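Numbering-wise (the numbering used here), the sequence shown opens with residue 14 and increments by one. Virtual Cβ for every residue (Gly too), placed ideally from N, Cα, C. Quantities reported herein were computed from a predicted structural model and do not represent experimental measurements. Let me begin by presenting the structure, written as structure tokens, before commenting on it.
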Amino acid sequence: MGSVTVLVSDASLMGCQLLADALRKSDQRFDVVACAINSRQIVEAAGEHEPDVAVISLNLKDGPFAGLKALRELRGSHPTVCSVMLLEQCERGLVVDSFRGGARGVFCRTASFEALCKCIERVHQGQIWASSTELQIILTAFANAVPLRATTRQGESLLTRREGQVVNLVAQGLTNREISRELNLSEHTVKNYLFRIFDKLGVSGRVELVIHGTTAPPSPRQESSPRPRTFKARVA
Numbered sequence: 014m015g016s017v018t019v020l021v022s023d024a025s026l027m028g029c030q031l032l033a034d035a036l037r038k039s040d041q042r043f044d045v046v047a048c049a050i051n052s053r054q055i056v057e058a059a060g061e062h063e064p065d066v067a068v069i070s071l072n073l074k075d076g077p078f079a080g081l082k083a084l085r086e087l088r089g090s091h092p093t094v095c096s097v098m099l100l101e102q103c104e105r106g107l108v109v110d111s112f113r114g115g116a117r118g119v120f121c122r123t124a125s126f127e128a129l130c131k132c133i134e135r136v137h138q139g140q141i142w143a144s145s146t147e148l149q150i151i152l153t154a155f156a157n158a159v160p161l162r163a164t165t166r167q168g169e170s171l172l173t174r175r176e177g178q179v180v181n182l183v184a185q186g187l188t189n190r191e192i193s194r195e196l197n198l199s200e201h202t203v204k205n206y207l208f209r210i211f212d213k214l215g216v217s218g219r220v221e222l223v224i225h226g227t228t229a230p231p232s233p234r235q236e237s238s239p240r241p242r243t244f245k246a247r248v249a
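Now the structure itself:
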């Protein structure tokens with residue numbers, strides 16, 4: 014397996030360069046393709062280099078919390094890029110907003126550099142990354158979330174049969190690769206289904222989809238042979 018291509022960002026050029034150098038020296042696991050210090054540079058660099066993972070700092074040169082804005086813009090313009098939100102500290106609102114903004118992982122600067130390396134690798138592999146504290150925040154959000162409606166006022170389903178199957182498998186914790194195997198589809202096709210599902214249900218990503226739940230119809234496979242699965246989150 015080749016190196017994971019990474020875009021890094023920070024509020025200062027020095028901070029970007031220090032993180033980029035550390036990742037490049039990390040057993041040749043990462044290829045840092047770009048550094049960015051503001052929201053515009055993040056989106057432009059993603060378009061130019063198409064990295065596997067973008068590490069987005071919460072605070073950028075264009076202001077505090079600008080990373081959340083960049084995260085949402087990146088999801089809209091380059092949805093195939095997996096994002097990790099780099100937080101100064103683990104605050105409930107920031108964790109929830111990060112996942113709602115489309116982050117596949119949340120990482121606190123108080124953790125170790127090696128943990129960050131694992132975070133990037135796991136997110137690249139299709140997993141969700143969260144520390145035990147952050148996972149507890151997400152589980153609390155599960156308990157308090159209002160379920161999504163996957164039907165119109167007339168009771169008609171917003172989702173096609175296949176989209177409903179994809180939603181059910183996401184809720185079981187399967188990655189895109191596992192879903193493609195389950196449904197005999199390519200990973201690219203699964204991604205396209207997910208983008209349409211997010212748009213129809215008005216959610217930012219798979220984490221928010223699972224947090225809120227849905228009334229999507231169960232797939233025939235689940236009806237005939239239910240198999241329990243857990244929400245696949247890597248705990249640091």
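With 16 or more other Cβ atoms from the protein chains shown falling within 10 Å of its own Cβ, N181 counts as buried. A contact between stretches requires three or more CB pairs, one per stretch, nearer than 8 Å, and the stretch 17 to 31 meets this requirement with the stretch 40 to 56. In this model, R190 and P77 are separated by some 36 Å (Cα to Cα). Looking at the DSSP output, D44 bridges to T18. In terms of Cβ geometry, I50 and L81 do not form a close pair [threshold 8 Å]. In this structure, L99 places its C-beta atom within 8 Å of the C-beta atom of F120. For a cut-off of 8 Å, the C-beta gap from V203 to S193 is around 5 Å, short enough to register as a contact. The beta-carbon separation of I55 and V97, rounded to 12 Å, does not stay under the 8 Å limit for a contact.
Counting along the chain, C29 sits inside the alpha helix (DSSP H) bounded by residues 26 to 37. Rounded to whole angstroms, the Cβ separation of E134 and R42 is 7 Å, and the two are in contact under 8 Å.
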